[in-house]
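Trainee: Protein chains in written order, with this note's numbering: chain A, -18 to 374; chain B, 63 to 220.
I have a structure I would like to understand better, so I am pasting it below and will then ask my questions one at a time.
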Amino acid sequence: MSSTKSRLRLAAGCVLAVSLSACGGVSSTKKSAVPVSNMVPAVVNAGPDNAYANGLFTTVSICVPGSSNCQTINGVLVDTGSFGLRLLSSVIPSALNSALPREKDSNGNTVVECAEFSDGITWGPVVTADVKISGEVASAIPVQVIGDPSFPTVPSGCSSAGAPEDTLAKLGTNGILGIGAFVLDGSPYYSCAGSSCEPATISTAQFVSNPVASFAKDNNGVIVELPAATSTTASLTGSVVFGIGTETNNALGNATVFTIDLKTGNFTTAFKNKTYASAGFLDTGSNGFFFLNSSTAGMPTCPSPANGFYCPASLTNLTATNTGANGTTGSVNFSVANADSLFSVPSAAVFPTLGGPLSGMFDWGLPFFYGRDVYVAIYGKEAPAGNGPYWAY
Amino acid sequence: MRYPYHFFVSELLKGAGVLCFAFFCSPVFAALGQDVSSVQADRAHMKAQISVLPGPAYSIHEMRSPAGITVREFVSPAGEVFGLWWQGPQIPDLRQLLGEHFDEYMQAAQNSPRISRRVVHIETGDLVFESGGHMKFFLGRAYLRSKLPDGASTDVIH
């Protein structure tokens, strides 16, 4: 644990040093021989639009497959609740964007994805790109370009699932790096002839997919390593490590393994005599602890406009219990503070005690990850302690 | 009459069990806050199987789409849809299910403070909308406070 902490401090220095590749060279303190090409710094801050609460951001590069025509893009959200890389077209130079091969269906029409998130959708064509993160490479994988000017009109069947988030102001991030425990997303795809788009069935090989699963090595999962956040601050720096048990810096160690349901991607969480069977999940892309409602949780929600968060009179300490599909059980202590008070702290973006109501499930968002190494093993991949999917911490 | 197309096709559905074409059904049918007959339009739109669980305080119409989305519509003794619940690997057609409340939802969702990727919690006077989950697992519900039947708490909508 102490070596993890010192590594994290060094990683923090790396971000300041700007050169991420140089960072890799100095950030290993566990052993001098540790290969660091499987680790990328990740920072919790307000993000590229300076508006995010509890968002974890990192840097990725995309290239025309097999070429050196590349672009490095920072401010990309690290999301264990989705699968696949999705980038705003506005952060991809137009010359590169037009050089990235568009996926086509069997009729030669362009494949466009309507990626669904709970809070909205991202609409845009699927391109093929080499995805490079630290020293890892996923060659020629499907990636979504969000808000591409070639497909400006979102079909009503797509916007029926939520509001389009196709600009930095709406998305709050330059892109979403979906590196959860599955390989393929389940979102609807469309076939577009010119600007005319119809729902389409495409082969799974064409689905936007988790880049980690396509890495040449270290492809069985990730570890999200963040230091503890004891108070509301402006930023918090940690790292994402690729692979589990594949290098000397990513051993499973004595982390407890919770396998997850193959269909829902969840485990079971029990809280206040309520059991969310296969409806509890760990998610770096959620920005708080979300659970129950005001009356059952015993905490008022905040007045509008922050009524999606809890506003207890004082810091409230709580405990919930997670149970994996494998029967492993463990309790987790967490605390919820008054969100209006948290949001009133100037320049703050790290909120370890942010919580809010949610019906029917228990969402362990990014605050859960503060002070933990959380392992995410990918479905069907061989990993220590058995095949994914599982979470371990 | 406020929703002429809606009633027109509802009558067709009731009378002859005519399947409605997506083109015909898409934008104009509402369920939330509407008459129970609108459930049939939702069922046809989702190409879903339906089962009805009657009860004294309310009845539940449950639909399951071929894509694996389950939608429950809660109908009061007065015959009005007062609540919705859904779960599945994709998000259901909220424009269809929320009907006239869809625009209200969209506006409120876009005006919510502090960006979150996962959780939507909206209370606009009468409409309460909650959704969350992650890719492959979406769950949510919506209800109208004014339409809750006597004796039914919001907890029944699950």
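Ideal placement from N, C-alpha and C gives every residue a C-beta, glycine not left out.
Only a predicted model underlies this, so the values are computations on that prediction, with no experimental measurement involved.
Buried or exposed for glutamate 192 of chain B, please, with buried defined as at least 16 other CB atoms from any protein chain shown within 10 angstroms of its CB.
Mentor: Taking the second sequence and counting its residues from 1, the one referred to as residue 192 of chain B is at position 130. Answer is buried; the Cβ neighbour count reaches 16.
Trainee: Three-state secondary structure (DSSP) at methionine 108 of chain B?
Mentor: In the second sequence, counting from the first residue as 1, residue 108 of chain B sits at position 46. It is helical.
Trainee: Tell me which residues of the stretch 32 to 53 of chain A have at least one Cβ-Cβ distance to chain B shorter than 8 Å, keeping chain order.
Mentor: For chain B, the residues of the stretch 32 to 53 of chain A that bring a beta carbon within less than 8 Å of one of its beta carbons are Ala32, Tyr33, Ala34, Gly36, in chain order.
Trainee: Can you give the Cα-Cα distance for glycine 56 of chain A and serine 71 of chain A, rounded to whole angstroms?
Mentor: Locating residue 56 of chain A in the first sequence gives position 75, where the first residue counts as 1. Locating residue 71 of chain A in the first sequence gives position 90, where the first residue counts as 1. Those two C-alpha atoms are separated by around 13 Å.
Trainee: DSSP three-state label for serine 79 of chain A, please.
Mentor: Indexing the first sequence from 1 puts residue 79 of chain A at position 98. Serine 79 of chain A falls in the helix class under three-state DSSP.
Trainee: Taking 6 Å as the limit between beta carbons, can you name the residues of its chain near aspartate 147 of chain A, skipping five residues before and five after?
Mentor: Residue 147 of chain A sits at position 166 when you count from the first residue of the first sequence. Cβ neighbours of aspartate 147 of chain A beyond the five flanking positions: Ile127, Gly128.
Trainee: Between the stretch 296 to 311 of chain A and chain B, which residues of the former have a C-beta closer than 9 Å to a C-beta of the latter?
Mentor: none
Trainee: Between the C-alpha atoms of valine 24 of chain A and leucine 217 of chain A, what's the straight-line distance to the nearest angstrom?
Mentor: To locate residue 24 of chain A, count along the first sequence from 1; it is residue 43. To locate residue 217 of chain A, count along the first sequence from 1; it is residue 236. Looking at the two C-alpha atoms, the distance is approximately 6 Å.
Trainee: Identify every residue that forms a DSSP beta bridge with aspartate 60 of chain A.
Mentor: Start at 1 with the first residue of the first sequence, and residue 60 of chain A comes out as number 79. Answer is A:Gly159.
Trainee: For the beta strand (DSSP E) that contains glutamate 135 of chain B, what are its first and last residues?
Mentor: The residue you call residue 135 of chain B lines up with position 73 of the second sequence. Boundaries of the beta strand (DSSP E) around glutamate 135 of chain B: 132 to 137.
Trainee: Would a check of beta-carbon distances place valine 182 of chain B closer than 8 Å to chain A?
Mentor: On the second sequence, residue 182 of chain B is found 120 positions in, with the first residue counted as 1. Output row for valine 182 of chain B: interface = yes.
Trainee: Please list the segments of the beta strand (DSSP E) lying wholly inside the stretch 102 to 178 of chain A, counting only runs of 3 or more residues, in order along the chain.
Mentor: 117 to 127, 156 to 160, 170 to 174
Trainee: Count the other CB atoms within 10 Å of the CB of leucine -11 of chain A; is the residue buried (16 or more) or exposed (fewer)?
Mentor: In the first sequence, counting from the first residue as 1, residue -11 of chain A sits at position 8. Confidence is the limiting factor: at leucine -11 of chain A the pLDDT is only 29, short of 50, which leaves the residue's position unreliable and the question unanswerable from this model.
Trainee: Inspect the beta-carbon positions of threonine 39 of chain A and leucine 158 of chain A and report whether they are closer than 8 Å.
Mentor: Translated into positions along the first sequence, residue 39 of chain A becomes position 58. Translated into positions along the first sequence, residue 158 of chain A becomes position 177. Result yes, Cβ atoms of threonine 39 of chain A and leucine 158 of chain A sit closer than 8 Å.
Trainee: Between glutamine 111 of chain B and arginine 134 of chain B, is the Cβ-Cβ spacing less than 8 Å?
Mentor: As a first step, residue 111 of chain B is located in the second sequence; it is residue number 49 there, counting from the start. As a first step, residue 134 of chain B is located in the second sequence; it is residue number 72 there, counting from the start. No, these two residues do not count as a Cβ contact at 8 Å.
Trainee: State the Cα-Cα distance for the pair serine 215 of chain B and phenylalanine 315 of chain A, rounded to the nearest angstrom.
Mentor: Here residue 215 of chain B refers to the residue found at position 153 when the second sequence is read from its first residue. Here residue 315 of chain A refers to the residue found at position 334 when the first sequence is read from its first residue. Cα to Cα, the separation comes out at about 29 Å.
Trainee: When you compare each of B:Met197, B:Ala140, B:Arg180, B:Glu124 to glutamine 96 of chain B by their alpha carbons, which one comes out closest?
Mentor: Within the second sequence, numbered from 1, the residue matching residue 96 of chain B stands at position 34. The shortest C-alpha separation from glutamine 96 of chain B is found at B:Ala140.
Trainee: What in chain B is Cβ-close to methionine 280 of chain A, meaning under 8 Å?
Mentor: Walking along the first sequence from the start, residue 280 of chain A turns up at place 299. Ordered by position in chain B, no residue passes the 8 Å Cβ test against methionine 280 of chain A, which lies about 14 Å from the chain.
Trainee: Taking C-beta to C-beta, are asparagine 201 of chain A and glycine 369 of chain A nearer than 8 Å?
Mentor: The count along the first sequence starts at 1 and reaches residue 201 of chain A at position 220. The count along the first sequence starts at 1 and reaches residue 369 of chain A at position 388. Yes, the pair counts as a contact, with Cβ atoms nearer than the cut-off.
Trainee: Flag this pair as yes or no: are the beta carbons of phenylalanine 196 of chain A and lysine 198 of chain B separated by less than 8 Å?
Mentor: What you label residue 196 of chain A is simply residue 215 of the first sequence in a count that begins at 1. What you label residue 198 of chain B is simply residue 136 of the second sequence in a count that begins at 1. No, Cβ-Cβ distance for phenylalanine 196 of chain A and lysine 198 of chain B is not below 8 Å.
Trainee: Is there at least one Cβ from chain B nearer than 8 Å to asparagine 247 of chain A's Cβ?
Mentor: Locating residue 247 of chain A in the first sequence gives position 266, counting from the first residue. Answer yes: the Cβ-Cβ gap between asparagine 247 of chain A and chain B drops below 8 Å somewhere.
Trainee: What residue ranges within the stretch 182 to 207 of chain A form continuous beta strand (DSSP E) runs of no fewer than 3 residues, ordered along the chain?
Mentor: 202 to 206
Trainee: Provide the residue(s) that pair with threonine 39 of chain A in DSSP beta bridges, ordered along the chain.
Mentor: The residue you call residue 39 of chain A lines up with position 58 of the first sequence. Note: threonine 39 of chain A sits in a beta bridge opposite A:Val57.
Trainee: Determine, using beta carbons only, whether methionine 20 of chain A comes closer than 8 Å to chain E.
Mentor: The displayed structure is made up of protein chains A and B, and chain E is not among them.
Trainee: So phenylalanine 199 of chain B contacts chain A; which residues on that side make the cut at Cβ distance below 7 Å?
Mentor: Taking the second sequence and counting its residues from 1, the one referred to as residue 199 of chain B is at position 137. Near phenylalanine 199 of chain B (Cβ distances below 7 Å), the residues of chain A are Thr245, Gly246, Asn247.
Trainee: Report yes or no: do the stretch 241 to 253 of chain A and the stretch 317 to 334 of chain A share at least 3 C-beta pairs separated by less than 8 Å?
Mentor: Counting Cβ pairs under 8 Å, fewer than three are found: no touch.
Trainee: For proline 118 of chain B, count neighbouring C-beta atoms within 10 Å of its own C-beta (all shown protein chains included) and say buried if the count is 16 or more, exposed if not.
Mentor: In the second sequence, the residue the question calls residue 118 of chain B occupies position 56. That one is exposed.
Trainee: Note down, in chain order, each residue of its chain lying with its Cβ closer than 7 Å to the Cβ of glycine 367 of chain A, except the 5 sequence neighbours on either side.
Mentor: As a working mapping, residue 367 of chain A is identified with position 386 in the first sequence. Excluding sequence neighbours, glycine 367 of chain A sits near nothing in its chain.
Trainee: Can you pull the chain A neighbours of proline 151 of chain B, defined as C-beta to C-beta under 7 Å?
Mentor: Here residue 151 of chain B is taken as the residue at index 89 of the second sequence, counted from 1. Correct list: Gly167.
Trainee: Closer than 6 Å by C-beta to serine 113 of chain B: which residues in its own chain qualify, once you throw out the five before and the five after it? Chain order, please.
Mentor: By one-based count along the second sequence, residue 113 of chain B stands at place 51. Short of 6 Å from the beta carbon of serine 113 of chain B, and not among the five residues preceding or following it, lie these beta carbons of its own chain, in chain order: Glu124.
Trainee: So that I know if they touch, is there some Cβ in chain B lying closer than 8 Å to that of phenylalanine 262 of chain A?
Mentor: In the first sequence, the residue the question calls residue 262 of chain A occupies position 281. Yes, phenylalanine 262 of chain A counts as interfacial toward chain B.
Trainee: When you compare the CB of arginine 126 of chain B with every CB in chain A, is at least one pair closer than 8 Å?
Mentor: Counting from one through the second sequence, the residue named residue 126 of chain B turns up at place 64. Closer than 8 Å: no.
Trainee: Glycine 195 of chain B touches chain A at which residues, Cβ-Cβ below 7 Å?
Mentor: Along the second sequence, read from residue 1 onward, the residue named residue 195 of chain B stands at position 133. By Cβ distance, chain A contributes Ser99, Met342.
Trainee: Does any heavy atom of the ligand HEM sit closer than 7 Å to the C-beta of glycine 130 of chain B?
Mentor: Ligands displayed in this structure: none; no statement on the ligand HEM is therefore possible.
Trainee: Check whether the Cβ of arginine 207 of chain B lies closer than 8 Å to any Cβ atom in chain A.
Mentor: Against the second sequence, residue 207 of chain B aligns to sequence position 145. Taking Cβ atoms only, chain A never reaches closer than 8 Å to arginine 207 of chain B, which makes this a no.
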